[in-house]
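Quick notes on the structure that follows.
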Amino acid sequence: MISPRPSLAKRAFDVAASASALLVLSPVLLLAALAIRLESSGPVFYASWRVGAGYRRFRLFKFRTMYPDADQRLKDLAHLNQYAAEADAPEASGEGCAACAALEEGATCSPVLVGDGGEVICEAEHRRRQNAGPAFFKLQDDPRITRVGRFLRNTSIDELPQLVNILLGDMSLVGNRPLPLYEAEQLTADGDGARWMAPAGLTGLWQVTQRGTGEVSPEERIALDNTYAESHGLGFDLRLIAKTVPALFQSENV
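So the sequence shown is numbered by my numbering: it starts at -10 and just counts up by one.
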């Protein structure tokens, strides 16, 4: 049976590994904090509400990599969302989703819904009409990121404060990424919900397998998260950890 609770062995490993990492990496943490403070005003750390295992909310800690008004500028940059560009692609044709366009006349792809005018439409067309946004948000060359912040992100140093989250039991070293509330609320359907039955993690399956490729889609992310939920355990985690370090040196910010 899939459970969002980590095994005792996995939890013991998480505590030992995160405590040791915090001790060994303390000089790096101090230098990063100093660089952030020298470049821009505002707090050194950034804490935001995230959703993790079992759809439980918690405060996730990171080094601040953006200017202090980054959250306020998010709506103004929504049109630059890489995932939104993918979601809007079917709209450009004016014929609903790509699957509908490939079917015989009079047929629609499944599942089907009834539109406001009584016509039969597919789910993709329904989402387009409702202006439903993509489940994930990501900007390329995000103008909200500081120079120091970009370096911290490219090296994944900005993620290191999450070792405290691991010590507190909010996360595991390996798991599905905890999502912001606005992304999590869009992943509660039956086909997406399996991801919440795995511990939240600092690194995970899709980050390791897709980092640097630039080809990960929302559907691929969900599929990889669901795969991890079905397979998670200490042995699988150790194999993913072995692949994490090489992945850190690839340029894609995941």
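From the three backbone atoms N, C-alpha and C, an ideal C-beta is built for every residue, glycine too. Note that the structure is predicted; figures quoted are calculated from it, not measured.
Indicate whether residue i and residue j have their beta-carbon atoms separated by less than 8 Å.
| i | j | result |
| --- | --- | --- |
| L156 | A8 | yes |
| K51 | S161 | no |
| T135 | E28 | yes |
| L14 | L149 | yes |
| Y260 | R133 | Past the boundaries of the shown model lies residue 260; the chain is included only from -10 to 243, so the question cannot be answered. |
| L223 | L194 | no |
| T144 | T192 | no |
| A42 | W185 | yes |
Determine the extent of the alpha helix (DSSP H) in which residue i is found, giving its start and end residues.
| i | result |
| --- | --- |
| S(-4) | Run containing S(-4): none; DSSP gives neither H nor E here. |
| G138 | R136 to N143 |
| L176 | Per DSSP, L176 belongs to no alpha helix (DSSP H) and is neither H nor E. |
| R48 | Note, R48: premise wrong, no alpha helix (DSSP H); beta strand (DSSP E) at R46 to F52. |
| A218 | P207 to S220 |
| E28 | S15 to E28 |
| L157 | Q151 to L157 |
Going by C-alpha distance, which of the options is nearest residue i?
| i | options | result |
| --- | --- | --- |
| L170 | P16, R48 and L213 | R48 |
| P188 | G31, Y56, S220 and S15 | S220 |
| F2 | P167, L152, V197 and E148 | L152 |
| I146 | V17, N154 and S37 | V17 |
| V163 | A36, A10, Y217 and S30 | Y217 |
| T54 | R26, S30 and R139 | R139 |
| N165 | S37, G190 and W38 | G190 |
| Q175 | P(-5), S37 and P207 | P207 |
| Y35 | F225, S(-4), A6 and N154 | N154 |
Ordered along the chain, which non-local residues of its own chain (more than five positions away) have a Cβ less than 7 Å from that of residue i?
| i | result |
| --- | --- |
| V40 | R46, P167, L168, L170 and A173 |
| I25 | V33, F52, R53 and V137 |
| G83 | For G83, the pLDDT reaches just 41, beneath the cut-off of 50, and the residue's location in the model is therefore unreliable, leaving the point undetermined. |
| S30 | P57 |
| A21 | F52, L141 and I146 |
| A247 | Not covered by the structure: residue 247. The range shown for the chain is -10 to 243. |
| T198 | L213 |
Could you pull out every residue in the same chain whose Cβ sits closer than 8 Å to the Cβ of residue i, ignoring the five residues on either side in sequence?
| i | result |
| --- | --- |
| A183 | I(-9), D214, N215, A218 and E219 |
| G158 | R0 |
| L12 | none |
| W38 | R46, F47, R48, L49, P169 and L170 |
The beta strand (DSSP E) that contains residue i, what's its start and end?
| i | result |
| --- | --- |
| A36 | F34 to V40 |
| S161 | S161 to V163 |
| L191 | G190 to T192 |
By Cβ distance, which residues of its chain are closer than 6 Å to residue i, with the 5 residues on each side in sequence left out?
| i | result |
| --- | --- |
| D226 | V163 |
| P(-5) | S161 and P188 |
Within 8 Å (strictly less), CB to CB, does residue i reach chain B?
| i | result |
| --- | --- |
| R228 | Judged by its chain identifiers, the structure shown contains no chain B, having just a single protein chain. |
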